[in-house]
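What follows is a set of notes on a single structure, which appears directly below.
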Amino acid sequence: MKKHILAFCCTLLIVAGGYSQDKLNKSKSELNKGKDLNTVAAQQKTTSTSSSSSSSRDGGIGSIFVELIAKAVAYTAGIAVIGHYGIEDHLHFEQTEYPYYLPEHGNYFNAEVHDDGNINNFRFDLKDKFLYNNGNLFGNHLEAKLRPFQYLYVKADYYQLFEFQENTSDNLSLFYFNLGYDRIRLRRFNLGWTIGASYIANDVNKLGFSFGANAEYFCKQNVSFLAGAKWSFINDKPVHAYEIEGRYHRKNYFISVGFEHLDIASPNYNFATVGGGIYL
0 MKKHILAFCC TLLIVAGGYS QDKLNKSKSE LNKGKDLNTV AAQQKTTSTS SSSSSSRDGG
60 IGSIFVELIA KAVAYTAGIA VIGHYGIEDH LHFEQTEYPY YLPEHGNYFN AEVHDDGNIN
120 NFRFDLKDKF LYNNGNLFGN HLEAKLRPFQ YLYVKADYYQ LFEFQENTSD NLSLFYFNLG
180 YDRIRLRRFN LGWTIGASYI ANDVNKLGFS FGANAEYFCK QNVSFLAGAK WSFINDKPVH
240 AYEIEGRYHR KNYFISVGFE HLDIASPNYN FATVGGGIYL
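Here numbering that gives the first Met the number 0 is used: the first residue of the sequence shown is 0, the next is one more, and so on.
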């Protein structure tokens with residue numbers, strides 16, 4: 000087991016490592032560029048022409064059919080995104096005090112089977128990770144998740160990146176603020192989505208819409224594996240974040256090792272990560 004963990008860590012360092020040169024400055028410079036005016040004008044013209052053409056079409060049976068299809072699609076999408084509380088029992092599962100508070104349980108438990116899974120059904124998850132690419136490029140990722148009950152949670156991510164070159168240095172602060180919902184809440188597995196906003200500070204100071212997905216699987220021996228993604232665009236440039244990590248849980252805290260990939264405009268960043276967290 001120790002050999003497998005060591006090999007995994009070495010692989011992360013090899014993948015993450017690489018020579019970087021003024022990447023943070025390039026990301027900020029590209030994010031600060033506005034949309035091309037000709038592109039905007041073309042989009043407006045297309046929208047205007049499309050609207051004019053649509054308004055000239057006759058209504059009647061066709062519009063009723065389209066409306067029925069739209070309602071059916073909306074209902075199906077609602078079931079896929081939110082779920083059906085009348086037939087999906089796992090949606091009523093409550094959140095645990097912390098993972099493995101009950102043996103072989105992750106974030107959720109069936110209150111009809113266990114009446115001692117959580118004292119007050121409130122939880123605050125805090126996680127911090129060191130991000131390493133090479134001696135010139137590294138950073139930190141702080142994540143806070145407020146869970147007032149099992150249905151929704153509020154999540155904030157703060158990335159602080161540093162880059163050092165000869166006689167110069169640069170840094171970048173990236174934030175995500177999201178509302179989260181776990182669509183699947185099983186004893187040892189949860190899968191959900193997030194929606195909210197991204198923000199880049201420093202010399203950019205711009206906001207963007209963000210959405211994401213995440214999942215976590217809990218093994219029997221206090222070990223879990225997490226994967227997550229956050230997608231966003233600022234000034235039509237990608238601001239995406241991806242992560243995978245393994246966690247070893249001990250009472251109400253854990254240690255983690257993993258990998259993160261960031262796309263900030265055209266530059267991309269790979270990091271090996273090590274950190275930990277606590278459930279309060």
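Every residue gets a Cβ at the ideal spot worked out from N, C-alpha and C, and that includes glycine.
The model shown is predicted, which means the values in this text are computed figures rather than measured ones.
In the structure shown, what three-state DSSP assignment does His140 receive?
strand
Which one of Leu190, Ala196, Asn234, Ala228 has the shortest CA to CA distance from Glu215?
Leu190
So, using beta-carbon positions, are Val203 and Lys27 closer together than 7 angstroms?
yes
For Gln94, which residues of its own chain have a beta-carbon under 7 angstroms away from its beta-carbon, when the five flanking residues on both sides are left out?
Asn106, Tyr107, Asn117, Asn120, Arg122, Arg146, Gln149
In the DSSP assignment, what residue or residues form a beta bridge with His239?
Asp262
I'd like to know if the stretch 63-80 and the stretch 226-241 are in contact, where contact means that at least 3 CB-CB pairs between them fall below 8 angstroms.
no
Mark Asp35 as exposed unless 16 or more other C-beta atoms lie within 10 angstroms of its C-beta, in which case mark it buried.
Low local confidence applies: a pLDDT of 48 at Asp35 is under 50, so the model's placement there is unreliable, and no value is given.
Between the CA atoms of Ala200 and Tyr247 - distance to the nearest angstrom
33 angstroms
Helix, strand or coil, according to DSSP, for Val222 in the structure here?
strand
Relative to the C-alpha of Arg182, which candidate in Gly59, Gly77, Tyr100 has its C-alpha closest?
Gly77
Please report how far the alpha carbon of Leu160 lies from the alpha carbon of Phe137, in whole angstroms.
6 angstroms
Nearest-angstrom beta carbon gap, Val273 and Lys128 [assumed within contact, 8 angstroms]:
7 angstroms
Close-in-space but distant-in-sequence residues of the same chain around Leu173 (CB under 6 angstroms, 5 per side omitted):
Tyr158, Ile199
Per DSSP, Ile183 forms a beta bridge with which residues?
Leu190
Taking only the alpha-carbon atoms, compute the straight-line gap between Ser50 and Gly59 and give it to the nearest angstrom.
Residue confidence is low: Ser50 scores 45 on pLDDT, short of 50, so the model does not pin down where it sits. No coordinate-derived value is stated.
Under the rule that 16 or more other beta-carbon atoms within 10 Å means buried, what is Phe208, buried or exposed?
exposed
Who are Asn133's beta bridge partners in DSSP?
Leu136
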